[in-house]
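So the sequence shown is numbered by our numbering: it starts at 1 and just counts up by one.
Note that the Cβ used here is the ideal one computed from N, Cα and C, for glycine as well.
None of the values given here were measured: they were computed from a predicted structure.
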Amino acid sequence: MSSGKPAGKVQKREVECPVHGIHYDPEVTPECVLCLKYSQPERTGGRRKGGVWLLVLLAAVVGFLFYRSVGPYLSGRTTPTSSGAVDKPQEPFSWFMSPAVMDPSPYKAQITTIESILYKKSPVSSGDIGVLERTGQELSEQIGKDAGAIAPQVSSDLMFWVAALGSEEESGYALPDLSRARAEWEKLREHHFERKPWFQAVGGKETSLAQRPRPPEADPEVVRGLRESARAIVRLIDEGRRECERLGEIVGEADREAPKKIAEWRQWSQQWEGRVRQAAATLSPGARRSAHPDVSMANQSLEFAVHSLRLVPNAANDFGVPFYSERERRFNEALAHVQTAEDYLARVK
Numbered sequence: 001m002s003s004g005k006p007a008g009k010v011q012k013r014e015v016e017c018p019v020h021g022i023h024y025d026p027e028v029t030p031e032c033v034l035c036l037k038y039s040q041p042e043r044t045g046g047r048r049k050g051g052v053w054l055l056v057l058l059a060a061v062v063g064f065l066f067y068r069s070v071g072p073y074l075s076g077r078t079t080p081t082s083s084g085a086v087d088k089p090q091e092p093f094s095w096f097m098s099p100a101v102m103d104p105s106p107y108k109a110q111i112t113t114i115e116s117i118l119y120k121k122s123p124v125s126s127g128d129i130g131v132l133e134r135t136g137q138e139l140s141e142q143i144g145k146d147a148g149a150i151a152p153q154v155s156s157d158l159m160f161w162v163a164a165l166g167s168e169e170e171s172g173y174a175l176p177d178l179s180r181a182r183a184e185w186e187k188l189r190e191h192h193f194e195r196k197p198w199f200q201a202v203g204g205k206e207t208s209l210a211q212r213p214r215p216p217e218a219d220p221e222v223v224r225g226l227r228e229s230a231r232a233i234v235r236l237i238d239e240g241r242r243e244c245e246r247l248g249e250i251v252g253e254a255d256r257e258a259p260k261k262i263a264e265w266r267q268w269s270q271q272w273e274g275r276v277r278q279a280a281a282t283l284s285p286g287a288r289r290s291a292h293p294d295v296s297m298a299n300q301s302l303e304f305a306v307h308s309l310r311l312v313p314n315a316a317n318d319f320g321v322p323f324y325s326e327r328e329r330r331f332n333e334a335l336a337h338v339q340t341a342e343d344y345l346a347r348v349k
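Below is the structure:
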């Protein structure tokens, strides 16, 4: 039975929007319809604007890094060192990547000892050569323990430099001449070490090789003989590689051809030793005694090449077959030494 009162509608709890004056139910929506309509694009636009600023900032950082790395190199600008000398332009991104040169400061004691003999004004004795050899070997070993990326190469080049000092002691009754060792030292120092004001030089100042006294004339016959020896060694390298490839690898004891291959490898190794000895015999004794530094260093590089070829059969496995990687490494070493010798000979006028 009706109470007599008309049935009323369900009352909703509404709130008036202070911005647009529109009523809305806060239990259904947090804002009025107009606020929802216009606030969403603003948020999206805000995010879009923030992304644009981020891209602009990133582009600015990349541009700065590029200018810092490549700008000085392209413009050829140089930077003065503490000694007043002008350094060469820095390579692009060299500050970002691992350095191509070493800081010589940790090895200052050994370097100072070496240069005190190389640049001394009084005559050099055989005892001085011994000091150079011991100090150079100590420096090579100390650098070899360094964890730097180029430390092994620097250590190896120093050992070659020390080995070349032995020829200075074979000058008979004449006093040793360190002009060749000094020139090689300066080239090594320029290539591997950062420049330091305490580096020494001829006359107490930097002197380019072009300003120094010219070396004695090279014997054309000796130079021609070295070039022929270099070509002969290259031919021997090519022949050795082809022959090793033809002999093949031994898979294991189950390989039916293993006994035959082992016998062929042993025979080849014996013949190879004789052929390498013949290549060494082509080197002229006069080249080693030459007073011309480039001729002497070219001969030494060819001797190193012959030594590398002699070691090809040594890196053998249990079957007496040289490992492919090891023999290729020896062939590549020999070829690199020949290239070094040719570079020296190209400088001979």
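Going straight from the alpha carbon of residue 342 to that of residue 294, what length do you get?
10 Å
Please report the distance separating the alpha-carbon of residue 101 from that of residue 266.
44 Å
N-terminal and C-terminal residue of the alpha helix (DSSP H) that residue 29 is part of:
Per DSSP, residue 29 belongs to no alpha helix (DSSP H) and is neither H nor E.
Distance, residue 148 Cα to residue 203 Cα:
Residue placement at residue 203 is flagged as unreliable, the pLDDT there being 46, under the threshold of 50; the coordinate-derived value follows with that caveat. When rounded, the distance between both Cα atoms is 33 Å.
Beta bridge counterpart(s) of residue 15 as assigned by DSSP
24
DSSP-derived helix/strand/coil call for residue 323:
coil
Can you give the Cα-Cα distance for residue 134 and residue 116, rounded to whole angstroms?
14 Å
Is the stretch 107-115 close to the stretch 150-169, with three or more CB pairs under 8 Å?
no
Between the stretch 304-316 and the stretch 267-278, can you find at least three pairs of beta-carbon atoms closer than 8 Å?
yes
Do you know offhand how far residue 335's Cα is from residue 306's?
10 Å
Hey, residue 107 and residue 58 are a contact pair by Cβ (cut 8 Å); roughly how many whole angstroms apart?
In fact, because the Cβ distance is near 42 Å, the residues do not count as touching under 8 Å.
Take residue 103 as the anchor and find which of 196, 182, 31 and 142 has the nearest alpha-carbon.
196
In angstroms, rounded to a whole number, what distance separates the CA positions of residue 15 and residue 21?
9 Å
I'd like to know whether the C-beta atoms of residue 222 and residue 290 end up nearer to each other than 9 Å.
yes
Can you tell me which of 298, 337 and 241 puts its alpha carbon nearest to the alpha carbon of residue 328?
241
Flag this pair as yes or no: are the beta carbons of residue 338 and residue 301 separated by less than 9 Å?
yes
Would you kindly work out how many angstroms separate the C-alpha atoms of residue 200 and residue 292, rounded to a whole number?
23 Å
What span of residues does the alpha helix (DSSP H) with residue 192 cover, start to end?
179-192
Residues sharing a beta bridge with residue 102, DSSP
193
Out of 286, 178, 190 and 179, point me to the one whose CA is closest to residue 157's CA.
190
What residue range does the alpha helix (DSSP H) around residue 217 cover?
Taken as a continuous stretch (DSSP letters only), residue 217 belongs to no alpha helix (DSSP H), as it is neither H nor E.
Going by beta carbon distance, what residues of the same chain come within less than 6 Å of residue 23, once the five residues before and after it are set aside?
14 and 16
Using the three-state DSSP reduction, which class does residue 340 fall into: helix, strand or coil?
helix
How would you call residue 228, buried or exposed, if buried means at least 16 neighbouring beta carbons within 10 angstroms?
exposed
According to DSSP, is residue 290 part of a helix, a strand, or is it coil?
coil
Would you tell me roughly how many angstroms separate the C-alpha atoms of residue 217 and residue 261, rounded to the nearest one?
51 Å
Taking Cβ positions, are residue 233 and residue 279 nearer each other than 9 Å?
yes
For residue 282, which residues in the same chain have their Cβ closer than 8 Å to its Cβ, ignoring the five residues on either side in sequence?
225, 228, 229 and 232
Could you compute how far the alpha carbon of residue 277 sits from the alpha carbon of residue 303?
11 Å
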